[in-house]
Amino acid sequence: MVQSLENGSNTRNDTSSIVYNTQQLNLWYGNHHALKDINLQIKENEVTAIIGPSGCGKSTYIKTLNRMVELVPTVKTSGKILYRDRNIFDNDYGVEELRTKVGMVFQKPNPFPKSIYDNIAYGPRIHGIKNKKILDQIVEKSLRGAAIWDEVKDRLHTNAYSLSGGQQQRICIARCLAIEPDVILMDEPTSALDPISTLKVEELIQELKQDYSIIIVTHNMQQAARISDKTAFFLNGEVVEFDNTDVIFSTPEDKRTEDYISGRFG
Amino acid sequence: MKYVNHESVVKRMMNRLTINKIFKAIFFFATLFALLALAILFYRIITQGIGYLTPEFFQNFGSRFPAKAGIKAALIGSIWLMFVVAPVSIILGVGTAIYLEEYAKKNRLTDFIRMNISNLAGVPSVVFGLLGLTIFVRALSLGNSVLAAGFTMSLLILPVIIVASQEAIRAVPNDVREASYGMGATKWQTVVKIVLPSAIPGILTGAILALSRAVGETAPLIVIGIPVIIQFLPTGLLSQFTALPMQIYDWAKRPQHDFQFVAAAGILVLMIFLLIMNSIAIFIRNKFSKRY
Amino acid sequence: MAQKQVSDQPSVQELIAKSSSKKQKQLIEKMIPYILLLIASISVLTTIGIVATLIVETIIFFKEIPVFEFLFGTEWYPFANKEPAFGILPLIAGTLKVTVIAVIVAVPFGIGSAIFLSEYASETTRRIIKPILEVLAGIPTIVYGFFALTFVTPLLQQFIPDLKIFNALSPGIVVGIMILPMIASLSEDAMSSVPNSIREGALAMGSTKLEVALKVVVPAALSGIIASVVLAISRAIGETMIVSLAGGSTPKFDWDVTGSIQTMTAYIVQVSSGDAGYGTTIYYSIYSVGFTLFLFTLVMNLIAHAISKKYREEY
Chain A
10 MVQSLENGSN TRNDTSSIVY NTQQLNLWYG NHHALKDINL QIKENEVTAI IGPSGCGKST
70 YIKTLNRMVE LVPTVKTSGK ILYRDRNIFD NDYGVEELRT KVGMVFQKPN PFPKSIYDNI
130 AYGPRIHGIK NKKILDQIVE KSLRGAAIWD EVKDRLHTNA YSLSGGQQQR ICIARCLAIE
190 PDVILMDEPT SALDPISTLK VEELIQELKQ DYSIIIVTHN MQQAARISDK TAFFLNGEVV
250 EFDNTDVIFS TPEDKRTEDY ISGRFG
Chain B
851 MKYVNHESVV KRMMNRLTIN KIFKAIFFFA TLFALLALAI LFYRIITQGI GYLTPEFFQN
911 FGSRFPAKAG IKAALIGSIW LMFVVAPVSI ILGVGTAIYL EEYAKKNRLT DFIRMNISNL
971 AGVPSVVFGL LGLTIFVRAL SLGNSVLAAG FTMSLLILPV IIVASQEAIR AVPNDVREAS
1031 YGMGATKWQT VVKIVLPSAI PGILTGAILA LSRAVGETAP LIVIGIPVII QFLPTGLLSQ
1091 FTALPMQIYD WAKRPQHDFQ FVAAAGILVL MIFLLIMNSI AIFIRNKFSK RY
Chain C
464 MAQKQVSDQP SVQELIAKSS SKKQKQLIEK MIPYILLLIA SISVLTTIGI VATLIVETII
524 FFKEIPVFEF LFGTEWYPFA NKEPAFGILP LIAGTLKVTV IAVIVAVPFG IGSAIFLSEY
584 ASETTRRIIK PILEVLAGIP TIVYGFFALT FVTPLLQQFI PDLKIFNALS PGIVVGIMIL
644 PMIASLSEDA MSSVPNSIRE GALAMGSTKL EVALKVVVPA ALSGIIASVV LAISRAIGET
704 MIVSLAGGST PKFDWDVTGS IQTMTAYIVQ VSSGDAGYGT TIYYSIYSVG FTLFLFTLVM
764 NLIAHAISKK YREEY
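Protein sequences, first through last, are from chains A, B and C. Just so it is clear: in the first sequence, position 138 is 147 by the numbering used here, and no numbers are missing. Just so it is clear: in the second sequence, position 188 is 1038 by the numbering used here, and no numbers are missing. Just so it is clear: in the third sequence, position 203 is 666 by the numbering used here, and no numbers are missing.
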């Protein structure tokens, strides 16, 4: 299985290995210094939560991990982010290759205006998988993986926009699972959802943890406490504290973390 | 003492309200004027032309005698013209719009292209005719063919298609683009598989409206020397031809009074042609409008 | 529940890695921006083509006719066998007569309709009238020309017995009807984009709707309204078929609107539909007239853009 070791898809049982190693990362939007000297090590098969007040850089950071942040034309970065020991900013590292390994779920559910089936099959198709049988299998497996198969199996060919917001978000998660990523980035995935849908997505995240490494940005501290193993607290573009979630929420070292956790600002 | 005397305010109020009513009526009649003009225009053309709309009218070529004059060559010629203008103008227009909306960086070159397009939209059609005459008819030696006329008309309506396509592309929300990039899709894959399918209703609606402008344009055809009296149908893209507005222009100019009715009948054919195109546009707009 | 891979089945990532389309994909990805830039440059080339064509042929024309005579000559007799005259002022006079009449018709009616639609009309009325205005804007100019010649001129002759069959008045009025929807719809857009809070502020002080419209909305939307009028003027100057059919072909440098005239556009059409040989002075003269026409409309368009740009910055 040498080949799949390189792909990084079957090494999930080795709990000690690090997926993302961020070293001295700085990022500017034009003149605005948005991320300052970030150093973070994210392990696989864990849920890592990133919390912090609005504008602290948490969304920017997660979008840097798959280089989506570069869609803003004025962005400049320095430092390194090693994904599976390879710097994602290397010139010969194509963003498409990176994003094939690292999936992303966005704040607002953003299914394509296509059928449910076509939404899920989109990723495999653009990467050259055309065999109808294999696509069928991938679609079913991904929808099961996102715990929405039973709700949509009879209407795979209806428009994804006919679903509720919570269902749409799970379709987006399924779409992300369809290319069997190594890591899933989630940028406040429940902020646009009602409490019941939120609960379903949270349960789903717990299940996905067994097979994927998950990094989730959230402004909801209870959510971070409920679902994550590790938590990083961002403030003004810096990492204030990064530790096991129970430590962060019970005995934080930094005064600012404590203030934020106890709701004194933000 | 008070500065505002409420009694006099109330007195004046009656006047102000009356004036308001009078002006409301004036504005209403201003609006009615345009509608009235449209109604008279349609009434005149229908009553003048309907008598000449016989099956023979569609089967005959042009003639010196009003009773024998037909629109066959012009109608078929206009359809031929559309077969050149539609693909050329849509490919160029949509390509330019994709470039400007999805690829172009914010720089001077891009600003220049944008500015250029909006100025091009204001150039009179007769000037496009001069361009077509010099470049397509003479320099490229296409003669007064379907192809030369088609290229000229394509450039004429290009700005309209570009602007409509730009608006349709801009209306595709950014988050579906991001979702596609997030899956590792390349830019072109995202454009072809996500952006264009969503933008196509808007693009087609704009394109059909632009094409209907090309169907009715006369001046560029006259300038590039499209003939009127033609007793054959076009056989290829380099063949001579005539078009509906050319034929109408010729009939309208003729001194014999009866040709006015023939011209009106020709206008009716042109209007029905346009009506069909616009109905298709409305159908597409309603049928394929996507919701987000 | 994410199901584990069945061992004899390759994972999706393996399939992706195997997919051979990668190289090809990268090549396409690199080529596309250049291909699109090439397509986008067609519109620039069109402008360059227009300007170059007009300038080159006009220069040839000026080798035969002095610039001064062209710009300031008050007689335009290109077809005269002896001593043809190429002074463009009569053609400009013809164009201006038609344009001024068109503006006199279109501005009050156009802005009046815009105020009615934006300030008085109910949503339903608006939804009926706006598409009708669009129809009016979509009618080919050849149809308007026919209408001017066969309906408006005879109608006017009942009131003005001196009116000739070809004159400036009838095409002027019809060009006005043609540009009216443009003024109405662009001005209505400008007025509708005035924020409602401003209207409410004035209404709450006891203003009538008329006072709100004339003293608040129109001033706030003024640059947009002016831009629409300038654009419409540019359209009127470049209008060809209405004046060709109903205006006549007698260029005259005066202010008479009841007799036959000729505009710049109508001259180009007249020469093109006749058979002026290639290479003759008359042939080149249509480019010099076209160039003058192009400059007129270009200036108008630039003014309109400058005004509407300013208006966009206000809100």
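Ideal placement from N, C-alpha and C gives every residue a C-beta, glycine not left out. Computed from a predicted structure; not experimentally measured.
Not a single C-beta of chain C is nearer than 7 Å to the C-beta of leucine 1046/B.
Note on histidine 136/A: 16 or more other CB atoms within 10 angstroms of its CB, so buried under the neighbour-count rule. Listed in chain order, the non-local C-beta contacts of alanine 1060/B below 6 Å within the same chain comprise Ile1007, Val1010 and Ile1011, local neighbours out to five positions each way being set aside. Taking 8 Å as the upper bound for CB-CB distance, leucine 1087/B and valine 996/B are in contact here, some 5 Å apart. Counting only runs that start and end inside the stretch 23–61 of chain A, the beta strand (DSSP E) elements of at least 3 residues fall at 27–38, 41–52 and 56–60.
Under DSSP, the beta-bridge partners assigned to isoleucine 225/A are Ala58/A and Met195/A. Taking CB atoms only, lysine 672/C has a neighbour in chain B less than 7 Å away. Nearest C-alpha to lysine 715/C among Pro529/C, Ile696/C, Val519/C and Val561/C: Val561/C. Judged by DSSP secondary structure, phenylalanine 1091/B falls outside any alpha helix (DSSP H); it is assigned neither H nor E. One Cα belongs to threonine 881/B, the other to glutamate 538/C, and the distance between them is close to 41 Å.
In the structure shown, serine 576/C falls within a helical segment according to DSSP collapsed to helix, strand and coil. In this model, glutamate 477/C and valine 944/B are separated by some 37 Å (Cα to Cα).
Here phenylalanine 933/B is not near isoleucine 921/B, since their CB atoms are 7 Å or more apart. Secondary structure note for serine 87/A: its beta strand (DSSP E) is the uninterrupted segment 84–92.
Of the candidates Glu247/A, Glu106/A, Met113/A and His166/A, the residue whose Cα lies closest to the Cα of arginine 1027/B is Met113/A. Counting only runs of 3+ residues, no beta strand (DSSP E) is found wholly inside the stretch 662–741 of chain C. The beta carbon of leucine 580/C lies closer than 6 Å to those of Arg589 and Glu651 in the same chain, with the five residues before and after it left out. Counting only Cβ-Cβ distances below 7 Å, proline 198/A has no contacts in chain C at all, with the closest Cβ about 17 Å away. Rounded to whole angstroms, alanine 611/C and serine 913/B show a C-alpha spacing of 25 Å. Judged by DSSP secondary structure, glutamate 149/A falls within the alpha helix (DSSP H) whose first and last residues are 141–154. By the neighbour-count criterion, in which 16 or more other beta carbons inside 10 Å mark a residue as buried, threonine 604/C falls on the buried side.
Taking CB atoms only, lysine 117/A has a neighbour in chain B less than 7 Å away.
The Cβ of valine 507/C sits closer than 7 Å to at least one Cβ of chain B.
With a threshold of 16 other beta carbon atoms within 10 Å, glutamate 527/C falls short and is exposed. Here the alpha carbons of proline 133/A and lysine 139/A stand approximately 8 Å from one another.
Per DSSP, the continuous beta strand (DSSP E) segment holding phenylalanine 243/A begins and ends at 239–244. Taking a beta-carbon distance threshold of 7 Å, threonine 744/C does not count as an interface residue toward chain B. Within the same chain, Asn128 come within 6 Å of phenylalanine 121/A by CB-CB distance, once the 5 residues on both sides are set aside.
Isoleucine 479/C reaches chain A at Thr109, Pro133, His136, Gly137, Ile138 and Ile188, counting residues in chain order whose Cβ is nearer than 8 Å. Chain-order list of chain A residues neighbouring valine 1041/B: empty, with the shortest C-beta distance near 12 Å, by a criterion of under 8 Å. Checking the DSSP bridge columns, you'll see glutamate 247/A partnered with Leu244/A. Identification of chain C residues near isoleucine 147/A by a Cβ-Cβ cut-off of 8 Å yields Val475, ordered along the chain.
Per DSSP, the continuous beta strand (DSSP E) segment holding valine 111/A begins and ends at 111–114. The Cβ atoms of aspartate 196/A and glutamine 116/A lie closer than 7 Å to each other. Every unbroken stretch of the alpha helix (DSSP H) spanning 4 or more residues and falling wholly within the stretch 855–936 of chain B is given here in chain order: 856–899 and 905–909.
Look at serine 482/C: its C-beta is under 7 Å from a C-beta on chain A.
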